[in-house]
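Have a look at the structure below, then the notes.
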Amino acid sequence: MTNALDGANHRALQLISPPNLRDAAVLDEGFVDLIGSREAPQPTIAQRAMNSSVVAAIYERLWRPVGVAALGLWKTDEHTKAATDLRLGGNQRVLDVACGPGNFTKFLGSRLDGDGIAVGFDISRPMLVQAARDNRSSHAAYVRGDGRRLPFEDGTFDAVCCYAALYLVPEPFTIVDELIRVLRPGGRIAIMTSCARGPAFVSKVQTVASDRFGVRTFDRDEFTTIFQAAGLTEIEREVHGVAQFVSATKPLR
Numbered sequence: 001m002t003n004a005l006d007g008a009n010h011r012a013l014q015l016i017s018p019p020n021l022r023d024a025a026v027l028d029e030g031f032v033d034l035i036g037s038r039e040a041p042q043p044t045i046a047q048r049a050m051n052s053s054v055v056a057a058i059y060e061r062l063w064r065p066v067g068v069a070a071l072g073l074w075k076t077d078e079h080t081k082a083a084t085d086l087r088l089g090g091n092q093r094v095l096d097v098a099c100g101p102g103n104f105t106k107f108l109g110s111r112l113d114g115d116g117i118a119v120g121f122d123i124s125r126p127m128l129v130q131a132a133r134d135n136r137s138s139h140a141a142y143v144r145g146d147g148r149r150l151p152f153e154d155g156t157f158d159a160v161c162c163y164a165a166l167y168l169v170p171e172p173f174t175i176v177d178e179l180i181r182v183l184r185p186g187g188r189i190a191i192m193t194s195c196a197r198g199p200a201f202v203s204k205v206q207t208v209a210s211d212r213f214g215v216r217t218f219d220r221d222e223f224t225t226i227f228q229a230a231g232l233t234e235i236e237r238e239v240h241g242v243a244q245f246v247s248a249t250k251p252l253r
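The sequence shown begins at 1 in UniProt numbering and counts up by one.
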């Protein structure tokens, strides 16, 4: 299995661009580190939590289940929905941005075969240390970098996703633009994020409370509008509780 794990890291490394960035990468901790001593921005409570080794250790057992309950997703199988919306299978290249400790990435990789690979991408060192320890596989590898400037050429991936993270990051729309850029024509994008619900005054209360902790609440139409403006097709949206799932296809040129 060690060779298979190293092979997955090697396949992920070969996707990095430009070449000088790939050549400078460090793999000492079981993931591809492109930014070394640079730390993630942590201006809010939520972002500090995402860069905590304690939260990384309990993320799947406690932190994420609490978040799922808060979003109203008790009955939603996020993993299966993502795999279905992304239409996964075979030798695909899949990018999972803001992957955290990698449980989601490993599941996506389990839907692939051959040289298919799911690349988990995050800026948090503690999260990727946990991912490399618990969730590497022959079809899942991890890269540390800045999601606002993805280190991949246009059209590198067959499928891209970002689940349960856009409401935490400083520049969510920049990240979405980057996801669309690195997606190949004909490929699928899927996101899950927050969604304002109810009367205007309720949404206002949600927004004020969220801003205090660094958790953003998005309007229902923000991401469908972005996808439409980017020329994406087959746009689908589902709202569950205060969460929304949005997926689309990048058209063939």
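Note that beta-carbon positions come from the ideal geometry of N, C-alpha and C, so glycine has one too.
On a predicted model such as this, the values are computed, not experimentally measured, just so you know.
Could you round the C-beta distance between residue i and residue j to whole angstroms and report it? I think they count as a contact, below 8 Å.
{"i": "V246", "j": "R253", "result": "Wrong, their Cβ atoms sit about 23 Å apart, outside the cutoff."}
{"i": "G102", "j": "A131", "result": "3 Å"}
{"i": "V143", "j": "V32", "result": "4 Å"}
{"i": "L34", "j": "P126", "result": "Not a contact, Cβ separation roughly 17 Å."}
According to DSSP, residue i sits in a beta bridge with which residue or residues?
{"i": "F152", "result": "In the DSSP output, where bridge partners are listed per residue, F152 has none listed."}
{"i": "V119", "result": "L95, A141"}
{"i": "H240", "result": "A243"}
{"i": "L168", "result": "Partner(s): none; L168 has no beta bridge."}
{"i": "S194", "result": "A243"}
Is it buried or exposed for residue i, if we count other Cβ within 10 angstroms and need 16 for buried?
{"i": "V202", "result": "With a pLDDT of 42 at V202, under the threshold of 50, the modelled position of that residue is not reliable, and the figure given next carries that caveat. Its Cβ having fewer than 16 others within 10 Å, V202 is exposed."}
{"i": "V176", "result": "buried"}
{"i": "P19", "result": "exposed"}
{"i": "Q14", "result": "exposed"}
{"i": "A24", "result": "exposed"}
{"i": "V160", "result": "buried"}
{"i": "D228", "result": "Per the sequence presented here, residue 228 reads as Gln, with Asp not at that position. Under this definition Q228 is an exposed residue."}
{"i": "D77", "result": "exposed"}
{"i": "E178", "result": "buried"}
{"i": "G116", "result": "buried"}
{"i": "D85", "result": "buried"}
Measuring CA to CA, which of the options is closest to residue i?
{"i": "S124", "options": "L21, E29, H10", "result": "E29"}
{"i": "R149", "options": "T193, V97, G109", "result": "V97"}
{"i": "A196", "options": "V239, A190, V129, Y163", "result": "V239"}
{"i": "C99", "options": "D113, H79, G186", "result": "H79"}
{"i": "A118", "options": "R11, G241, Q244", "result": "R11"}
{"i": "A248", "options": "V242, C162, S37, R133", "result": "C162"}
{"i": "S137", "options": "F121, P151, S110", "result": "S110"}
{"i": "I189", "options": "D219, P170, V242, D158", "result": "D158"}
{"i": "T217", "options": "V169, T105, F104, E153", "result": "V169"}
{"i": "R184", "options": "A8, K106, L232, G114", "result": "L232"}
{"i": "K250", "options": "V182, A243, Q244, V242", "result": "V182"}
{"i": "G36", "options": "A8, G114, D146, G7", "result": "D146"}
Please list, in chain order, all residues of the same chain as residue i whose beta carbon is under 8 Å from its beta carbon, the five residues on each side excluded.
{"i": "residue 262", "result": "Any answer about residue 262 is impossible in this case: the structure gives the chain only from 1 up to 253."}
{"i": "Y167", "result": "T193, S194, S210, V215, R216, T217, F218"}
{"i": "T224", "result": "I235, R237, V246"}
Quick one: what's got a C-beta closer than 6 Å to residue i's C-beta in the same chain, skipping five residues either side?
{"i": "I180", "result": "A230"}
{"i": "T105", "result": "D96, C99, A118, G120, A140"}
{"i": "D134", "result": "none"}
{"i": "E171", "result": "R148"}
{"i": "G187", "result": "D158, A159, K250"}
{"i": "I191", "result": "C162, V246"}
Once the 5 residues before and after residue i are set aside, which same chain residues still bring their CB inside 7 Å of it?
{"i": "L62", "result": "Note that L62 scores 49 on pLDDT, short of 50, meaning its location in the model is unreliable; the coordinates nonetheless yield the value given after this. The answer is none, since no qualifying residue turns up."}
{"i": "A83", "result": "L108, R111"}
{"i": "L128", "result": "F31, D122, Y142, R144"}
{"i": "R22", "result": "L13, I16"}
{"i": "residue 254", "result": "The chain is shown only over 1 to 253; residue 254 falls outside these bounds and no answer can be derived."}
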